[in-house]
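Okay, structure first, notes after.
Numbering (full-length UniProt numbering), first residue to last: 1 to 188.
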């Protein structure tokens with residue numbers, strides 16, 4: 001009986017970690033995280049998710065792509081904004097780009113495929129937490145940049161779902177404000 005309660009407590013205490021540090025997951029741990037993501041809900045077994053892991057020196061190259069993305073949106077971006085984009089991938093030892101690969105299907109609309117890929121992103125975060133890492137799922141303008149997606153190998157039928165940053169939590173977990181289920185639930 002205690003294992004399920006421990007699992008529920010784990011899920012009820014989960015929160016994003018905006019500050020992450022080394023070390024990141026090993027190759028074997030990343031494999032375990034990905035295996036968890038592959039168990040996401042998947043109507044018709046379309047497997048609409050793709051993952052691109054970025055770590056080590058490749059984070060610097062990815063930062064260059066983020067700066068180029070920023071300058072495409074805002075050619076007059078100041079140096080502070082450019083540096084922020086350049087250094088964004090260095091905020092964690094591992095960045096996983098989560099991508100949805102959309103497929104025409106008579107029973108599975110695109111919105112459902114996007115939700116499935118979103119579940120995969122969240123599963124990555126939960127798996128990281130279960131292995132004593134922390135994570136944060138980031139979106140924003142970079143996640144809407146089709147050229148950035150192409151730059152890391154994305155296809156025409158694909159979109160970013162976001163970027164899951166993974167590492168060790170730097171500092172204590174941020175406080176979680178209490179929530180009451182009655183504010184979000186009703187019986188019909």
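Heads up, the beta-carbon is just placed ideally off N, CA and C, and yes, glycines get one too. All of these numbers come straight from a predicted model, not from anything done at the bench.
Looking at the unbroken beta strand (DSSP E) that takes in residue i, where does it start and where does it end?
i           : result
residue 49  : 49-55
residue 136 : 134-138
Buried or exposed: where does residue i fall if 16 or more other Cβ atoms within 10 Å of its Cβ makes it buried?
i           : result
residue 178 : exposed
residue 67  : buried
residue 55  : buried
residue 129 : buried
residue 155 : exposed
residue 187 : exposed
residue 10  : exposed
residue 35  : exposed
residue 184 : exposed
residue 38  : exposed
residue 164 : buried
residue 247 : Since the first residue of the chain shown is 1 and the last is 188, residue 247 is not available in this structure.
residue 162 : buried
residue 60  : exposed
residue 166 : buried
residue 182 : exposed
residue 23  : exposed
residue 94  : buried
residue 190 : With the chain covering only 1 through 188, there is no way to say anything about residue 190.
residue 171 : exposed
Consider the Cβ of residue i: report whether some Cβ of chain C lies at a distance smaller than 8 Å.
i          : result
residue 95 : Here chain C cannot be found, since the structure has a single protein chain.
With DSSP as the reference, identify every bridge partner of residue i, one or two as the case may be.
i           : result
residue 94  : 55 and 166
residue 20  : 169
residue 160 : 99
List the endpoints of the continuous alpha helix (DSSP H) containing residue i.
i           : result
residue 176 : That residue, residue 176, is in no alpha helix (DSSP H); it is neither H nor E in DSSP.
residue 80  : 79-87
residue 207 : With the chain covering only 1 through 188, there is no way to say anything about residue 207.
residue 118 : 110-130
residue 150 : 146-151
Which whole-angstrom value is the C-beta distance of residue i and residue j, which I expect to be below 8 Å?
i           : j           : result
residue 160 : residue 99  : 6 Å
residue 169 : residue 20  : 7 Å
residue 135 : residue 17  : 6 Å
residue 50  : residue 180 : About 38 Å; that fails the 8 Å criterion.
residue 137 : residue 125 : 6 Å
residue 97  : residue 152 : 6 Å
(message) Pairs of beta-carbons, one from the stretch 44-59 and one from the stretch 107-123, closer than 8 Å: are there three or more?
(response) By the Cβ test, the stretch 44-59 is in contact with the stretch 107-123, since at least three Cβ pairs between them sit closer than 8 Å.
(message) Whether or not the stretch 18-34 and the stretch 69-87 are in contact is what I'm after, with contact meaning three or more pairs of Cβ atoms, one per stretch, closer than 8 Å; do they touch?
(response) Output reads no: the stretch 18-34 does not touch the stretch 69-87.
(message) Pairs of beta-carbons, one from the stretch 145-152 and one from the stretch 161-181, closer than 8 Å: are there three or more?
(response) They do not touch, by the three-pair rule.
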